[in-house]
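Asks: The structure is given below, and queries will be raised subsequently.
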Amino acid sequence: MRTQRQVVDYSLQKRAVLRELLTGRIGTYDVCDASPYLKNAARFHGEPTDDRCPICRSENLTHVHYIYGDELKQSAGQARTLAELPVLAMTLREFQVFVVEVCLGCNWNHLVEQYLLGRDGLAGGVDAAAEPGAGSDTSAGPASTRRRREAQR
Numbered sequence: 004m005r006t007q008r009q010v011v012d013y014s015l016q017k018r019a020v021l022r023e024l025l026t027g028r029i030g031t032y033d034v035c036d037a038s039p040y041l042k043n044a045a046r047f048h049g050e051p052t053d054d055r056c057p058i059c060r061s062e063n064l065t066h067v068h069y070i071y072g073d074e075l076k077q078s079a080g081q082a083r084t085l086a087e088l089p090v091l092a093m094t095l096r097e098f099q100v101f102v103v104e105v106c107l108g109c110n111w112n113h114l115v116e117q118y119l120l121g122r123d124g125l126a127g128g129v130d131a132a133a134e135p136g137a138g139s140d141t142s143a144g145p146a147s148t149r150r151r152r153e154a155q156r
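The working numbering runs 3 ahead of the 1-based position in the sequence shown.
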C-alpha cells in the first residue's frame with residue numbers, strides 16, 4: 004500500500020512462541036486460544052492465505068486486519084477486509100492496522116504485524132499540494148494545479 008509506514012513485524016516473536024511450544028515450556032492450550040469474536044472476524048472479514056497452521060498443519064491461516072485511530076470513533080477496533088483499507092487510507096489522516104493470523108481449525112492466533120496508514124503518509128501530502136506555492140509550479144496556473152490535485156485523488 005502506498006501510505007503504509009512504521010511497519011512492525013512480529014515474526015521473531017512468533018518463532019520464539021513456537022520454540023517454547025516445541026520444547027514443552029508452554030502447552031498447546033496456551034497458544035490455541037482464539038476468542039469467538041476473533042474466529043468470527045476471521046470467518047467473515049479475514050483474508051485466506053496459503054500458509055499452513057504451524058500447530059495443526061491441516062488448515063490454512065487467515066489474516067484479520069483490525070483498525071484503530073482517533074478519526075474512526077465508533078469504528079475503532081473493527082475488523083476490515085484488505086480491500087477496504089486503501090479506501091480508508093485515502094479518506095482518513097492516520098490510523099493503525101493490526102494484522103492477526105488465525106487458524107479456524109485449532110484456534111491458533113498470533114499478531115503478525117502492525118503499521119500506520121492514512122493520507123499523512125503520502126509523499127508531499129495532499130494537504131501540502133493544496134497550499135499555494137507548496138511543491139507546485141506557480142507559473143503553471145490554477146488550471147494545471149487543479150488537474151494535479153484531481154490526479155492525486
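Virtual Cβ for every residue (Gly too), placed ideally from N, Cα, C.
Since the structure is predicted, the reported quantities are computational estimates derived from the model, not experimental observations.
1. Put Ala133 into one of helix, strand or coil per three-state DSSP.
2. With His48 and Val102 assumed to form a contact (beta carbons below 8 Å), what rounded beta-carbon distance in angstroms separates them?
3. Beta-carbon within less than 6 Å of Lys17's beta-carbon, same chain only, minus the 5 sequence neighbours each way: which residues are those?
4. Who pairs with Val100 in a beta bridge, going by DSSP?
5. How big is the Cα-Cα spacing for Cys35 and Val90?
6. Which value, in whole angstroms, describes the spacing of the CA atoms of Thr26 and Tyr32?
7. With a 10 Å radius around its C-beta and 16 neighbouring C-beta atoms as the bar for buried, classify Glu153 as buried or exposed.
Replies: With the given structure in hand:
1. Only weak support exists for where Ala133 lies, its pLDDT of 43 falling under 50; the coordinates are left without a value.
2. In fact, because the Cβ distance is near 12 Å, the residues do not count as touching under 8 Å.
3. His113
4. Ile70, Tyr118
5. Cys35 and Val90 have their C-alpha atoms spaced approximately 33 Å apart.
6. Answer to the nearest angstrom: the Cα atoms are 15 Å apart.
7. Confidence at Glu153 is low in this model, with a pLDDT of 49, below 50, so its placement is unreliable and the value that follows should be read with caution. Its Cβ having fewer than 16 others within 10 Å, Glu153 is exposed.
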